[in-house]
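Asks: Take the position in the sequence shown, starting the count at 1, then add 2; the result is the number in my numbering. This is the structure I have questions about; it appears just below.
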Amino acid sequence: MLESEYRKLLFPFPTVRKIQGDFLLKSNDIIENSQILIAHAPTGIGKTAAVIAPALKNALESDNFVLFVTPKHTQHYIVIETLKRIKSKYKVNFGVSDFIGKKWMCLLPGVDRLSSRDFNELCKDLKRDERCNFFNKVRKGDKLSREASSLLKKLRKGIFHVEEICKFCKEKELCPYEICCELGKEAKVIIADYYHVFEPNVRKAFFIKNKKELENCILIVDEAHALPSRVRKILSMNISNLSLRRAVKEAERFGFVKVSRDIGKILDFFLELVKDKLRDKEEVFVEREEFIKGIEERCEESLQDLIDMFNLIGDEVREVKRRSYVGKLGNFLESWYNQIEGFAKILRRRVSPMLGEFFLLSNKCLDPSLATKEVFERVKSSILMSGTLTPTRMYAKLLGIEERVEFVEYPSPFPKENRLVLIVPETTTKFKRRGEIEYRRIARKCWEIVREIPGNVAIFFPSYEVKDGILQFFSRLCDREILVEKKGMSKVERMELYHRFKELASKGAVLFGVAGASFAEGIDLSGRNLLSVIVVGVPLEKPNLEVQALIDYYEEKFGAGWNFGYI
């Protein structure tokens, strides 16, 4: 009887895993009743199929659509393959559109080095002025071009990963983002990034382009434990003395003499703050009103007028260059001016091997619910899931989910006797103990474990700095191939590393990664592809003013600052 029920829900596999069936039925009940589910579902349950299948069934029988968001590019493949299985098994027709970050889809060379905000401004300006050939070739007037129509006809016959779409678009010299939006208009399933949904301005444009409404959205949030920190990062902004100097030169170079002088005055005030407040400290809080007053007194103009001017000039600069430092300053000041509650203003000292000492002023978001609350209030239904989503009720509070919400915590589907968990309390990654002596000890302990494992081992560290520090000593001991995750790796580089690790399963290799980064979650390493995991240290944020601000903010809001500050 249950098997018949699973088929009705478009479950794509011949057998249902332990616990997966319960999650499948629960997901269907939540969606049918327009509720929200926060689900702690450990690895091995088969989460993707359990939520995608009933969500798609509902969408096919209604005006709703499924929006699956994930922070990991690798997770897109799993969703796409699951949808292909459903389509093949049940002979149902439905459209799918797959998105990653817009700049990663762009065919213009070099744009991947821009920040998301800089890229979005550049893209907007290029389209407005008809200077993007890829965009221009998608339409002729109000109609799709012959090349675009031909490609869309091909794409609508199947289900394609975004990288496949980008490849097809490159051959035709068409904008992949525009093509995916055309697919999205008719799609019953859209796969995207957190940024498309939880950055308010991006969401508005994204939904308009795809002709979708939040009220008809069945929102599936994968790796939902990462959502609070990702949203805080999306909403945070910063400037530095270096970016201000570049803004001064940029304004002068483009003939905006008065604006150049005004930004010079802002830079002088910035350096006064460094001298008066920072002194020999690493970081200090800055009051919102103090910074606004200081700028207005020196420039003899209202901050709002300055913001408007900087944004206008930013638009002009981007007609010639891909990035505008004046425009970035305008965006930062607008964020500083408008965001009053739920943000911490912090001035920091930083040191870079290339740039030397510099200073960073940040407007750090503390409260992700400023962006997430509205989304979860408006969507038709939502399922938030992760293998590390406990305590579930705390995540609901963090994200501002107050109504029509249910919680579920599933156990691991694997027998306890299959898993050996060991704690080695002989080393430490405490900040004050980090250095050559401790790194040598950790490297030795890691090798003692690795050499006993007849296959692939992954080692995860609390930061790239710790990883690299230990790697130099571990590599002298290890006789296996070591694959190293590096900061800023491209999608292609990550996939090459992933496939190489799987290829070495029979021989045994070691993966050096970072907790919370690309290889620590959201990838499929089943069977003998991964036999053991070593976690070096606890990946807690370094005790700093941002963490303290989080603790203080949530202590006042919920009376449990420490718990919320480190969730």
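Don't be surprised by glycine CBs; every beta carbon is placed ideally from N, CA and C.
Helix, strand or coil for A519? Go by DSSP, reduced to three states.
Replies: Start at 1 with the first residue of the sequence shown, and residue 519 comes out as number 517. Reduced to three states, the DSSP call for A519 is coil.
Asks: Note the first and the last residue of the continuous alpha helix (DSSP H) segment covering F272.
Replies: As a working note, residue 272 is residue 270 in the sequence shown. That run of the alpha helix (DSSP H) goes 259 to 275.
Asks: Determine the extent of the alpha helix (DSSP H) in which H75 is found, giving its start and end residues.
Replies: Indexing the sequence shown from 1 puts residue 75 at position 73. According to the DSSP assignment, H75 belongs to the alpha helix (DSSP H) that extends over 75 to 92.
Asks: Using the beta-carbon count (16 or more within 10 Å), is K235 buried or exposed?
Replies: The count along the sequence shown starts at 1 and reaches residue 235 at position 233. The residue is exposed, with fewer than 16 neighbouring Cβ atoms inside 10 Å.
Asks: How would you call T394, buried or exposed, if buried means at least 16 neighbouring beta carbons within 10 angstroms?
Replies: The sequence position of residue 394 within the sequence shown is 392, counting from 1. The residue in question, T394, is buried, as its Cβ has 16 or more Cβ neighbours within 10 Å.
Asks: Please state whether DSSP places A551 in a helix, a strand or coil.
Replies: Translated into the one-based positions of the sequence shown, residue 551 becomes position 549. Helix.
Asks: Tell me which residue opens and which closes the beta strand (DSSP E) that G97 is part of.
Replies: The residue given as residue 97 occupies position 95 in the sequence shown. Its beta strand (DSSP E) spans residues 97 to 100.
Asks: Between the stretch 468 to 479 and the stretch 521 to 528, do three or more beta carbon pairs fall short of 8 Å?
Replies: Counting C-beta pairs with one atom in each stretch, the stretch 468 to 479 and the stretch 521 to 528 have fewer than three that are closer than 8 Å, which means they do not touch.
Asks: Could you round the C-beta distance between E483 and L506 to whole angstroms and report it? I think they count as a contact, below 8 Å.
Replies: Counting from one through the sequence shown, the residue named residue 483 turns up at place 481. Counting from one through the sequence shown, the residue named residue 506 turns up at place 504. In this structure E483 touches L506 by the C-beta definition: roughly 6 Å separates them, less than 8 Å.
Asks: With DSSP run on the structure shown, which of helix, strand or coil describes I348?
Replies: One-based indexing of the sequence shown puts residue 348 at position 346. Reduced to three states, the DSSP call for I348 is strand.
Asks: Given this structure, state the Cα-to-Cα distance separating K382 from S371, to the nearest angstrom.
Replies: For the purposes of this step, residue 382 is taken as the residue at position 380 of the sequence shown. For the purposes of this step, residue 371 is taken as the residue at position 369 of the sequence shown. Taken atom to atom, the span from the alpha-carbon of K382 to that of S371 is near 18 Å.
Asks: Do the stretch 31 to 43 and the stretch 155 to 165 meet, that is, are 3 or more Cβ pairs less than 8 Å apart?
Replies: Short answer: they don't touch.
Asks: Report the three-state DSSP secondary structure of K366 (helix, strand or coil).
Replies: For the purposes of this step, residue 366 is taken as the residue at position 364 of the sequence shown. It is a strand residue.
Asks: Report yes or no: do three or more beta-carbon pairs, one from the stretch 344 to 360 and one from the stretch 250 to 261, lie closer than 8 Å?
Replies: Cβ pair count under 8 Å is below three, so no.
Asks: May I ask you to report which of helix, strand or coil DSSP gives F170?
Replies: Position 168 of the sequence shown, counted from the start, is the residue given in the question as residue 170. Here F170 sits in helix by DSSP.
Asks: Which residue from F287, K330, P202 puts its Cα closest to that of I265?
Replies: Counted from its first residue, the sequence shown places residue 265 at position 263. Comparing Cα-Cα distances from I265 to each of F287, K330, P202, the minimum goes to K330.
Asks: Output yes or no for whether 9 Å exceeds the beta carbon distance between I241 and F312.
Replies: Taking the sequence shown and counting its residues from 1, one reaches residue 241 at position 239. Taking the sequence shown and counting its residues from 1, one reaches residue 312 at position 310. Contact flag unset, no.
Asks: Could you check how far apart the C-beta atoms of F96 and A51 are, in whole angstroms? I think they sit under 8 Å.
Replies: If you number the sequence shown from 1, residue 96 lands on position 94. If you number the sequence shown from 1, residue 51 lands on position 49. 16 Å between Cβ atoms; not a contact.
Asks: In the structure shown, what three-state DSSP assignment does H42 receive?
Replies: For the purposes of this step, residue 42 is taken as the residue at position 40 of the sequence shown. H42: strand per DSSP, three-state reduction.
Asks: Between which two residues does the alpha helix (DSSP H) harbouring L335 extend?
Replies: Position 333 of the sequence shown, counted from the start, is the residue given in the question as residue 335. Note, L335: alpha helix (DSSP H), 327 to 340.
Asks: Using three-state DSSP, classify F67 as helix, strand or coil.
Replies: Here residue 67 is taken as the residue at index 65 of the sequence shown, counted from 1. Note: F67 maps to strand in three-state DSSP.
Asks: Where M3 and L386 are concerned, what is the direct C-alpha to C-alpha distance, given to the nearest angstrom?
Replies: Taking the sequence shown and counting its residues from 1, one reaches residue 3 at position 1. Taking the sequence shown and counting its residues from 1, one reaches residue 386 at position 384. The predicted model places M3 with a pLDDT of 47, which falls under 50 and marks its position as unreliable, so this point remains unresolved.
Asks: Where DSSP assigns a beta bridge to F503, which residues make up the other side?
Replies: Taking the first residue of the sequence shown as position 1, residue 503 is located at position 501. Per DSSP, none; premise fails for F503.
Asks: So the alpha helix (DSSP H) E438 belongs to, where does it begin and stop?
Replies: Position 436 of the sequence shown, counting from 1, holds the residue named residue 438. Looking at the DSSP string, the run of the alpha helix (DSSP H) that includes E438 is 438 to 452.
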